[in-house]
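Right, one structure below, let's go through it.
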Amino acid sequence: LREALPIPAAIECLELDEQALVGYSDANPNIEVAPQNLAYVIYTSGSTGKPKGTLLPHQNVVRLFAATQDWFRFDASDVWTVFHS
């Protein structure tokens, strides 16, 4: 993978090979997710220049989709990136 991407040598690239995943199910886990559960973390440099992470719960993601539905008309065929803040 690393050789196929334009990644500078100074940047560390972590890969999990298939062997490391042997024994794990490829099925979705059977768990319930509540609105207040963590969806993802955004890492920023912060206003002080000291890196920090901001925890975003599922309810924030749902609010984002609900608030912008009229603009974007989301449906089951859409894919949304989480690489934004």
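For the sequence shown, UniProt numbering gives the first residue as 1, with consecutive numbering after it. Glycine included, each C-beta is placed from N, C-alpha and C at the ideal position. Since the model is a prediction, treat every value here as computed from it, not as a measurement.
By alpha-carbon distance to ASN37, the top candidate from GLN59, PRO29, SER47, ALA20 is GLN59. In this structure, the straight-line span from the alpha carbon of LEU21 to that of THR81 is close to 24 Å.
Relative to the Cα of ALA39, the nearest Cα in the group ALA9, GLU3, GLY53 belongs to GLY53.
Annotated as proximal: VAL41 and LEU55, with beta-carbon spacing under 7 Å.
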